[in-house]
Structures are given as C-alpha cells and as structure tokens.
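Visitor: Quick one: the structure is below, and I'll ask about it shortly.
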Amino acid sequence: MRVPPDFGISDAALHDVSVASTLQAVKPPEAEIMAALERCGYDADTIFAIKLAFEEAVTNAVKHGNHFDPAKRVFLRWYVDPDRVVLMVRDQGCGFCPAAVPDPTADENLERPSGRGIMLMHSYMTRVLYNPAGNEVWMYKDNTARSRGNSPT
Amino acid sequence: MEQPSTHLKIRQSGPVSVIEFADRKILEELSIQEIQEELLKYAESRPGVQLLLDFSNVDHLASAALGMLITLHKKVQEQSGQLRLSNINRQIFQVFRITRLNQMFDIYDSSQQALEAFGAKK
Chain A
1027 MRVPPDFGIS DAALHDVSVA STLQAVKPPE AEIMAALERC GYDADTIFAI
1077 KLAFEEAVTN AVKHGNHFDP AKRVFLRWYV DPDRVVLMVR DQGCGFCPAA
1127 VPDPTADENL ERPSGRGIML MHSYMTRVLY NPAGNEVWMY KDNTARSRGN
1177 SPT
Chain B
5 MEQPSTHLKI RQSGPVSVIE FADRKILEEL SIQEIQEELL KYAESRPGVQ
55 LLLDFSNVDH LASAALGMLI TLHKKVQEQS GQLRLSNINR QIFQVFRITR
105 LNQMFDIYDS SQQALEAFGA KK
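Taken in order, these protein sequences are the chains called A and B.
According to this note's numbering, the first sequence is numbered sequentially starting from 1027.
According to this note's numbering, the second sequence is numbered sequentially starting from 5.
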C-alpha cells in the first residue's frame, strides 16, 4: 500500500527499511526517527506520544502479526518534517480486523490485561489507518505544538 | 529463597513494601514478563501485603506494562492486600487517564502521601 493520498506526502519522500522481526532489531530505525523528531523541534510530549504509538505498532507486528518468528520481517516506512510525521509498520502475518478489538475503556473490559495498544495509537496520533488485510498500519501526526506556536526554545 | 531482582528495587517502610523499577523504560515484552513474575511471586508469598509501586524512575512504558499492573492488582486483592502507585510522571499519568486505569488504581503524587494513606487505612 502506498502512503494514503490525504497524508499530503509523496511516496518517494518516505524512508524505507525492513528489519528482522524482533523488538531489538527495530531499535536502530526507531532511534533514527526519534533523532529526526528532535532535529525538527518536536516538544517532549509530542515525541513521547509518537514513540509510544510507534512502539505499540511495532510490538503488535512482532507479537501478534509475526508471532515472534525471527525469520519473518517487519517493514517500516517513515517521514518526518517540522509539521508532520508519517509512520508505517507492516508485518508478514495474516492481519486482523481493528474494528473487532473490544474497547478497553468500556467498564466490562477495564480489567482485561491486554488490548490497549491500538486505542493508545488512536489517542496519540492524529490519524491511524489499516490496509484491508489488517497487517499494515499507517499513522499520521500533526506537530500541534508548532502549529499553536509553542515550539520549544 | 528469593533471588535478587535485576528489574526491581525493594525496600521495607514499616509494614509497606516499597518497590521501585530499575529500568527507566518498561517496554520490552520479555522484561515485562519477568517483572510480572517477580511481582506476582512477591505478592503471592505475602498474604495481606501492602505494596507501593514507586514510578519515580520510570519515564516510558508500553501498554503491556499496564496489563502487568492489572494482573498484579488482581493478585494483591486476592491476597487481601493493598496496592498503591506513586510518583507517576505527567506523561505516563496521561496514559493511565486515556485508558481509564487512573480509576482502577490508587495513585498518589508522592510515595510519602501513599505511605500515609496506607497508615490511614489500618
């Protein structure tokens, strides 16, 4: 799947990498993304939000998508500029239906120990989209602190 | 005999077991599982345990860590004990708020306040 057209980014502008399907192997590209956010002047709260959403997406890919099979790959694409961030995570699993994941904040689900990653991704990012198969997630975030004129000094 | 933990620092403050996390980031699936096993074992072996988890050292966590806290909370309740959390930074508290888990846990600004609350419940 190419970058969703309404994200306003050309497909060619995205960084593209695939790594072994382990949480350790994802760390170098994650560090690269975080460094780009700092270079672009994102504030600490926004970086926290993007890091959390990215890590939840990657954990889902490694754990639920690729079932911790280190022979499988995780595919990452990303774009960072001072106004917005685009992140894509794809696994080699058979996908899932995001709508079927129960709302973890409903009273009856509050004590369930799992199922909060996806809702946190939605809470912290401006937009979250899945491909039809459900094994590829695209996330977009505006740098709202910058648009409010709250750029860090 | 309990093995010294690589993930937790445990001290006693009167009747309360105060547990701090050694890792600043509670992210990795494997370490979360290990932390969970250690905490459950600790609670299981101490009926009526008064447990304070101090987050002052933690600046990032994954949703799996929330699951670990929920499982521990249930275990402590089964043991007729009490679990409180303290020193959760603003960004992490926001994660609790978004997931509504701030309503499930007794959360205090400081470990001193949490310790006083244990005393008040005696």
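The beta carbon of each residue, even a glycine, is placed where N, CA and C say it ideally should be.
May I have the straight-line CA-CA distance separating A/Pro1178 from A/Phe1074, to the nearest angstrom?
Guide: In this prediction, A/Pro1178 scores a pLDDT of 45, lower than 50, which makes its location untrustworthy; the coordinate-derived value is nonetheless stated afterwards. Approximately 14 Å between the Cα atoms of the pair.
Visitor: Between the region 1086-1113 of chain A and chain B, which residues of the former have CB atoms less than 7 Å from a CB of the latter, in chain order?
Guide: Residues are counted here when their Cβ sits less than 7 Å from a Cβ of chain B; for the region 1086-1113 of chain A these are Lys1089, given in chain order.
Visitor: Using beta carbons (cut-off 8 Å, strictly below), is B/Ala66 in contact with chain A?
Guide: Answer yes: the Cβ-Cβ gap between B/Ala66 and chain A drops below 8 Å somewhere.
Visitor: Specify the secondary structure class of A/Ala1051 as computed by DSSP and reduced to three states.
Guide: coil
Visitor: If distances are taken between C-alpha atoms only, which option among B/Ala66, B/Gly71, B/Gln95, B/Ser21 comes closest to B/Phe109?
Guide: B/Gly71
Visitor: Go to B/Asp58, then tell me how far its beta strand (DSSP E) extends in each direction, as first and last residue.
Guide: 54-58
Visitor: Can you list, in chain order, the residues of its chain with a C-beta nearer than 7 Å to that of B/Ala118? Leave out the 5 residues immediately preceding and following it.
Guide: Leu56, Arg88, Ser90, Tyr112
Visitor: Just reading off the beta strand (DSSP E) that B/Ser67 is part of, what are its end residues?
Guide: Note, B/Ser67: premise wrong, no beta strand (DSSP E); alpha helix (DSSP H) at 67-82.
Visitor: Closer than 6 Å by C-beta to B/Pro51: which residues in its own chain qualify, once you throw out the five before and the five after it? Chain order, please.
Guide: Gln83
Visitor: Looking at the C-beta of A/Val1127, does it have a partner C-beta in chain B at a distance below 8 Å?
Guide: It does not; no Cβ of chain B falls within 8 Å.
Visitor: Apart from the five residues on each side of it in sequence, which residues of its chain come closer than 7 Å, Cβ to Cβ, to A/Val1187?
Guide: Residue 1187 of chain A lies beyond the residue range present for chain A, which begins at 1027 and ends at 1179; the question has no answer from this structure.
Visitor: So is A/Gly1143 buried or exposed if we call it buried at 16+ other beta carbons inside 10 Å?
Guide: Around the beta carbon of A/Gly1143, 16 or more other beta carbons sit within 10 angstroms, so the residue counts as buried.
Visitor: Determine, for A/Glu1134, whether the minimum Cβ-Cβ distance to residues of chain B falls below 8 Å.
Guide: no
Visitor: What is the residue span of the alpha helix (DSSP H) that A/Asp1071 lies within?
Guide: Unbroken alpha helix (DSSP H) run through A/Asp1071: 1070-1085.
Visitor: If you check the beta carbons only, do B/Leu65 and B/Val22 fall under 8 Å apart?
Guide: no
Visitor: Out of B/Arg104, B/Gln116, B/Ser115, B/Ser114, which one is the CA nearest neighbour of A/Asp1133?
Guide: B/Arg104
Visitor: Interface residues of chain B around A/Thr1131 at Cβ under 7 Å?
Guide: Against A/Thr1131, the close residues of chain B are Thr103, Arg104, in the order they occur along the chain (beta-carbon pairs closer than 7 Å).
Visitor: So A/Arg1099 is in the alpha helix (DSSP H); what residue range does that whole segment cover?
Guide: That residue, A/Arg1099, is in no alpha helix (DSSP H); its beta strand (DSSP E) goes 1099-1106.
Visitor: For the region 1040-1059 of chain A against the region 12-26 of chain B, do three or more pairs of beta-carbon atoms, one drawn from each stretch, fall closer than 8 Å, so that the two count as touching?
Guide: no
Visitor: Suppose you measure from the CA of B/His77 to the CA of B/Glu33; what does that come to, to the nearest Å?
Guide: 19 Å
Visitor: What is the DSSP secondary structure of A/Leu990, reduced to helix, strand or coil?
Guide: Any question about residue 990 of chain A goes unanswered here, given that chain A covers just 1027 to 1179.
Visitor: Is the Cβ of B/Thr10 closer than 8 Å to any Cβ of chain A?
Guide: no
Visitor: If we define contact as Cβ-Cβ less than 8 Å, is B/Lys126 a contact residue for chain A?
Guide: Because B/Lys126 sits at a pLDDT of 45, beneath the cut-off of 50, its placement in the model cannot be relied upon, and the point is left open.
Visitor: Just tell me which of B/Ile39, B/Glu42, B/His11 has its CA closest to the CA of B/Asp27.
Guide: B/His11
Visitor: Could one say the Cβ of B/Leu89 lies closer than 8 Å to chain A's Cβ atoms, at least one of them?
Guide: no
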